[in-house]
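Chains as they are written, first to last, in this note's numbering: chain A, 6 to 367; chain B, 37 to 316.
Right under this line is the structure:
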């Protein structure tokens, strides 16, 4: 295993007035990773990114970039470059001048700047707009300028602060693919800050979920979704039905638990449970059927459909059990006729395989 | 029966209502008829109030009138020099107020804008007293031109720079701080960031503020009258003196030139100050 390109060690940031934005965070980010800092607004993810870039200094801790502690190195002397949320493209310069700016101020010779600008513009497919001013360009084009301007510096790490939040939905999808492609092409570490779980899941190779200034979990997208380590992560990444359960007994990896709404069932877990636990089950892992489902070990309950939200490819069904528990079930609309076939007020069986559920202890 | 609107009678289409148009016309007439007649009569062949024919003679005479020429060159010199100083002073003041927090900042900001609101006559008197007490009123009289005008320049800078500061400050308010951060992130030093990013952003407001200061200085009468010693006469003061001795169409000609200069400067300033969307 190689050394991490960035090693954040026990970093805290406290602002005047007693606000702790980042609370004792340690993360190692490897060479060539596409790393996402994901969390709700105010969780400290942008502050952490700004500390990596040098635009903010930590109150405590070390930020080691390429083997050197740079916690207090000014931004112009760090091997990191940033794509800002507002893009921050210089309005009085042409695209060419914008892209070449970082080389010009550090004294790179003019002919070299010229060839590297051409390369960088080609990489983001903007060669035809080299002479334009930013106010004659769309948001997506300005973002490409910001990308080229940062990448031309050949940084060890590219930092992206909510890069897709100002784009419209279609463009956002294109840009997602584009960023992934770029990261593979240039082969450097990307760190992206986002509050959008879809963005993080679809682009990143590893994600740190942050909550209230601390890291809640660091894992690959699949791991985060299927094996969230706590209630916050389970709830923040995707949708989830959470059931309060009391633990009857634990025998090795099998826990017998009892829930008010879905009765008693056995479930596998690696965790050691106390007397209570939370059972988490994703909406797409719940099934609906009109007849009582048959099958060994299935957990089932009767519920009345309260609402059906149609999303085209799926329908989200909200149903109440007799004991008053609200469950969300996702149904694939995999036939052109009839849609989900579920109607409001209908009484149906909701069932799931306990292997698809998860025990959360915190 | 309910009221029906016709096309062009929408609730906000005031400009199509006859009474508004008439009122607008009257206001314009009332405001600008005196100025228009001044300009028209600057081309009159004699000095009676009756039109007797078109001529440029008044302009030629005014040009060859040494007293008018001397006063005009004084005014322009004062205006140019005090514009330069007030622009630098106003811009740096605006930068300091925008960039830094310091004790009594709001108080300072309030005091800085005082010259904009203090009656000119009060400022004139206070400056006159200041120059007399310090001996500057008499002291600079025999200095070499244009240094003999230094009192007037000081006075003009004192009331012009707050205008520049206000204009530049307003522009800076719209500056996207991420531009500054981006510049530093890309490897620029503090000074490079200032000259490459912040100054170009400020330029329109520097020009606008400077032109504002220029017109204010060029046509100021009250403060100039109080702070000028004998021998240092400016254009507006000279015209005032000529009017007291009787009407002469040379005054109209000279005034028209003053109007043209200030109008051009003001139009340019307005154009440069027009809000733009750059930098956001």
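Ideal Cβ placement from N, Cα and C applies to all residues, glycine included.
Taking just the CA atoms, how far does residue j sit from residue i?
{"i": "residue 155/B", "j": "residue 161/B", "result": "10 Å"}
{"i": "residue 159/A", "j": "residue 282/A", "result": "49 Å"}
{"i": "residue 290/B", "j": "residue 101/A", "result": "50 Å"}
{"i": "residue 157/B", "j": "residue 192/B", "result": "13 Å"}
{"i": "residue 108/A", "j": "residue 30/A", "result": "33 Å"}
{"i": "residue 165/A", "j": "residue 154/A", "result": "13 Å"}
{"i": "residue 202/A", "j": "residue 241/A", "result": "8 Å"}
{"i": "residue 292/B", "j": "residue 181/B", "result": "26 Å"}
{"i": "residue 272/B", "j": "residue 204/B", "result": "28 Å"}
{"i": "residue 200/B", "j": "residue 222/B", "result": "32 Å"}
{"i": "residue 342/A", "j": "residue 297/A", "result": "24 Å"}
{"i": "residue 285/A", "j": "residue 300/A", "result": "21 Å"}
{"i": "residue 138/A", "j": "residue 162/A", "result": "27 Å"}
{"i": "residue 175/A", "j": "residue 38/A", "result": "26 Å"}
{"i": "residue 135/B", "j": "residue 41/B", "result": "53 Å"}
{"i": "residue 253/A", "j": "residue 211/A", "result": "36 Å"}
{"i": "residue 394/A", "j": "residue 329/A", "result": "Nothing about residue 394/A can be read from this structure; chain A reaches only from 6 to 367."}
{"i": "residue 195/A", "j": "residue 25/A", "result": "26 Å"}
{"i": "residue 265/A", "j": "residue 41/A", "result": "38 Å"}
{"i": "residue 248/B", "j": "residue 163/B", "result": "22 Å"}
{"i": "residue 285/B", "j": "residue 168/B", "result": "36 Å"}
Residue i versus chain B: which residues are under 8 Å apart at the beta carbon?
{"i": "residue 93/A", "result": "212, 214, 215, 217 and 218"}
{"i": "residue 20/A", "result": "What residue 20/A touches in chain B: nothing, since even the nearest Cβ is about 15 Å away."}
{"i": "residue 77/A", "result": "Simply none; closest approach about 15 Å."}
{"i": "residue 86/A", "result": "221 and 222"}
{"i": "residue 270/A", "result": "Here the premise fails: no neighbours, minimum Cβ distance about 53 Å."}
What would DSSP say about residue i, mapped onto helix, strand or coil?
{"i": "residue 65/B", "result": "helix"}
{"i": "residue 274/B", "result": "helix"}
{"i": "residue 157/A", "result": "coil"}
{"i": "residue 333/A", "result": "strand"}
{"i": "residue 315/A", "result": "strand"}
{"i": "residue 225/A", "result": "coil"}
{"i": "residue 338/A", "result": "coil"}
{"i": "residue 242/A", "result": "coil"}
{"i": "residue 269/A", "result": "strand"}
{"i": "residue 131/A", "result": "coil"}
{"i": "residue 50/A", "result": "helix"}
{"i": "residue 195/A", "result": "strand"}
{"i": "residue 160/B", "result": "helix"}
{"i": "residue 363/A", "result": "strand"}
{"i": "residue 88/B", "result": "coil"}
{"i": "residue 321/A", "result": "strand"}
Name the chain B residues whose beta carbon is nearer than 9 Å to that of residue i?
{"i": "residue 137/A", "result": "What residue 137/A touches in chain B: nothing, since even the nearest Cβ is about 13 Å away."}
{"i": "residue 154/A", "result": "218 and 222"}
Which one or two residues does DSSP pair with residue i in a beta bridge?
{"i": "residue 87/A", "result": "164/A"}
{"i": "residue 215/A", "result": "220/A"}
{"i": "residue 32/A", "result": "13/A"}
{"i": "residue 250/B", "result": "For residue 250/B, which the question treats as bridged, DSSP gives no partner whatsoever."}
{"i": "residue 118/B", "result": "BP columns for residue 118/B are empty, so no partner."}
{"i": "residue 263/B", "result": "Partner(s): none; residue 263/B has no beta bridge."}
{"i": "residue 255/B", "result": "According to DSSP, which records beta bridges pairwise, residue 255/B is partnered with nothing at all."}
{"i": "residue 308/A", "result": "326/A and 353/A"}
{"i": "residue 250/A", "result": "264/A and 282/A"}
{"i": "residue 19/A", "result": "25/A"}
{"i": "residue 255/A", "result": "260/A"}
Using a cut-off of 7 Å between C-beta atoms, extract the partners of residue i located in chain A.
{"i": "residue 231/B", "result": "Within chain A, no residue comes near residue 231/B; the closest Cβ sits about 10 Å away, beyond 7 Å."}
{"i": "residue 228/B", "result": "110"}
{"i": "residue 224/B", "result": "81 and 110"}
Using a Cβ cut-off of 7 Å, pull out every chain B residue sitting near residue i, in sequence order please.
{"i": "residue 54/A", "result": "Those within 7 Å of residue 54/A in chain B number zero; the least Cβ separation is about 11 Å."}
{"i": "residue 58/A", "result": "221"}
{"i": "residue 107/A", "result": "222 and 223"}
{"i": "residue 246/A", "result": "The contacting residues do not exist; residue 246/A stays about 41 Å from chain B at best."}
{"i": "residue 195/A", "result": "Chain B residues near residue 195/A: none, gap ~15 Å exceeds 7 Å."}
Determine the chain A residues that contact residue i at a beta-carbon separation under 8 Å, and present them in chain order.
{"i": "residue 82/B", "result": "Chain A residues near residue 82/B: none, gap ~55 Å exceeds 8 Å."}
Identify the contact partners of residue i in chain A, using a Cβ-Cβ distance below 9 Å as the criterion.
{"i": "residue 236/B", "result": "95, 96, 97 and 98"}
Using Cβ-Cβ distances below 7 Å, what residues of the stretch 311 to 344 of chain A are close to chain B? none
Between the stretch 188 to 213 of chain B and chain A, which residues of the former have CB atoms less than 8 Å from a CB of the latter, in chain order? 212
Under 7 Å, CB to CB, which of the residues in the stretch 158 to 175 of chain A have a partner in chain B? 158
Output needed in chain order: residues of the stretch 118 to 135 of chain A with a Cβ under 7 Å from some Cβ in chain B. Here the close residues number zero.
Just by C-beta distance, which residues in the stretch 230 to 260 of chain A are closer than 7 Å to chain B? none
With 9 Å as the limit, tell me which residues of the stretch 32 to 53 of chain A have their beta carbon closer than that to any beta carbon of chain B; keep them in chain order. For the stretch 32 to 53 of chain A, no residue has a beta-carbon sitting nearer than 9 Å to a beta-carbon of chain B.
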